[in-house]
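J.:
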Amino acid sequence: MEGSSPVRSSKDEYSNVSLRRLDVSDIDDFMIWATDEKVARFCTWEPYTNKEDGINFIKNTVAAHPWFRAICLDNRPIGAILVTSYSGNDRCRAELGYHLASKYWGKGIVTKAVKMVADTIFEEWPHLERLEALVDVVNVGSQKVLEKAGFQREGVLRKYFVLKGKSRDWVMFSLLSTDPRI
Ligand SMILES: CC(C)(COP(=O)(O)OP(=O)(O)OC[C@H]1O[C@@H](n2cnc3c(N)ncnc32)[C@H](O)[C@@H]1OP(=O)(O)O)[C@@H](O)C(=O)NCCC(=O)NCCS
């Protein structure tokens, strides 16, 4: 209708997902998820308590990281996804990690972001044969993300890794360069 703006369905609202580099100018958006205890719960880092630490993280760690991208909605960062490479005899594999601001959970956004990474990372890094992800056994949402993105659930590694001071059981997932994409 003339003069009225088109109505956006809730599906459209979360459809414009993209990945791009995270910059210091994104600090205010970064702090939204980085200060959230719910987001940090299954991650190795503790919630940030000040902006200075966030700026230093982006300037030092993110800038030097081999593959760290902001998950963006309408080009605004709402989370992050990263691939950490290994060297030597482990160079055939890399580890995937991700986290999203809690306001956007359950909208299919990380599933979309993981599929985007799976579609590009093996071309960007031709030496890579296996992308793996370790997920806490109680982190059901993250396990569903990987299954929906075509990763294979390989099994549970008991007491494999200490998180937040406690050893925990982890589910190992993997996607091979030769696996079908879904
Ligand atoms: C886990 C996380 C990445 C999921 O991202 P998300 O964008 O909300 O996931 P999606 O919307 O793509 O969900 C995929 C599926 O998992 C389900 N799901 C998401 N969170 C869930 C939860 N907490 N419990 C149960 N199911 C959940 C969704 O409903 C969806 O299933 P469906 O398609 O059958 O409805 C997000 O909750 C997060 O950032 N958590 C904190 C950080 C974290 O745990 N990172 C991963 C460390 S391994």
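Take the position in the sequence shown, starting the count at 1, then add 778; the result is the number in the numbering used here.
Using N, Cα and C, we set each Cβ at its ideal position, and we do this for glycine too.
Computed from a predicted model, the values in this text were never measured in an experiment.
1. Please report the distance separating the alpha-carbon of Glu830 from that of Ala879.
2. From Ala842, Cys850, Ala848, Glu907, pick the residue whose C-alpha is nearest to that of Ala872; which is it?
3. Expressed to the nearest angstrom, what Euclidean distance is found between the alpha-carbon atoms of Gly943 and Arg869?
4. Any residue with its C-beta under 6 Å from a non-hydrogen atom of ligand 1 counts. Can you list them all in chain order?
5. Alpha carbon to alpha carbon, how far is Lys922 from Ser945? Give it in angstroms, no decimals.
6. Tell me the rounded alpha-carbon separation between Ser793 and Leu851.
7. Ordered along the chain, which non-local residues of its own chain (more than five positions away) have a Cβ less than 8 Å from that of Arg959?
8. Check the DSSP bridge columns for Cys850 and list the partner residues they point to.
9. Based on the DSSP secondary-structure assignment, which residues constitute the bridge partners of Met950?
10. Does Ala872 come out as helix, strand or coil in the three-state DSSP assignment?
11. Measure the C-alpha to C-alpha separation of Ala842 and Tyr826 and round it to an integer number of angstroms.
12. Determine the direct distance from the alpha carbon of Trp883 to that of Leu935, and round the result to whole angstroms.
13. Looking only at its chain, what residues have a beta carbon closer than 8 Å to the beta carbon of Phe939, apart from the 5 residues adjacent to it on each side?
14. What does the Cβ neighbour count give for Arg847, buried or exposed, with the cut at 16 atoms within 10 Å?
15. Using the C-alpha atoms, what's the distance from Glu910 back to Met950?
T.: Quick answer:
1. In the sequence shown, the residue the question calls residue 830 occupies position 52. In the sequence shown, the residue the question calls residue 879 occupies position 101. Rounded to whole angstroms, Glu830 to Ala879 spans 20 Å at the Cα level.
2. Taking the first residue of the sequence shown as position 1, residue 872 is located at position 94. Measuring from the Cα of Ala872, the nearest candidate turns out to be Glu907.
3. Here residue 943 is taken as the residue at index 165 of the sequence shown, counted from 1. Here residue 869 is taken as the residue at index 91 of the sequence shown, counted from 1. Roughly 29 Å separates the two Cα atoms.
4. Val817, Phe820, Cys821, Tyr876, His877, Leu878, Trp883, Gly884, Lys885, Gly886, Ile887, Val888, Thr889, Val913, Asn917, Val918, Gly919, Ser920, Lys922, Val923, Lys926
5. Taking the sequence shown and counting its residues from 1, one reaches residue 945 at position 167. Taking the sequence shown and counting its residues from 1, one reaches residue 922 at position 144. Looking at the two C-alpha atoms, the distance is approximately 22 Å.
6. Taking the first residue of the sequence shown as position 1, residue 793 is located at position 15. Taking the first residue of the sequence shown as position 1, residue 851 is located at position 73. Spanning the two alpha carbons is a distance of roughly 8 Å.
7. Walking along the sequence shown from the start, residue 959 turns up at place 181. Cβ neighbours of Arg959 beyond the five flanking positions: Lys893, Ala896, Asp897, Gly928.
8. Here residue 850 corresponds to residue number 72 of the sequence shown, with the count starting at 1. Paired residues: Ser796, Pro855.
9. Counting from one through the sequence shown, the residue named residue 950 turns up at place 172. Answer is Leu912, Gly933, bridged to Met950.
10. The residue you call residue 872 lines up with position 94 of the sequence shown. Residue state, collapsed to three classes: strand.
11. In the sequence shown, the residue the question calls residue 842 occupies position 64. In the sequence shown, the residue the question calls residue 826 occupies position 48. Rounded to whole angstroms, Ala842 to Tyr826 spans 20 Å at the Cα level.
12. Here residue 935 corresponds to residue number 157 of the sequence shown, with the count starting at 1. Here residue 883 corresponds to residue number 105 of the sequence shown, with the count starting at 1. One C-alpha to the other measures close to 26 Å.
13. In the sequence shown, residue 939 corresponds to position 161, counting from 1. For Phe939, where only same-chain residues beyond five positions count, the Cβ hits under 8 Å are Leu912, Ser945, Arg946, Trp948.
14. The residue labelled residue 847 in the question sits at position 69 within the sequence shown. When all chains shown are included, Arg847 counts as buried.
15. Locating residue 950 in the sequence shown gives position 172, counting from the first residue. Locating residue 910 in the sequence shown gives position 132, counting from the first residue. Cα-Cα distance, rounded: 7 Å.
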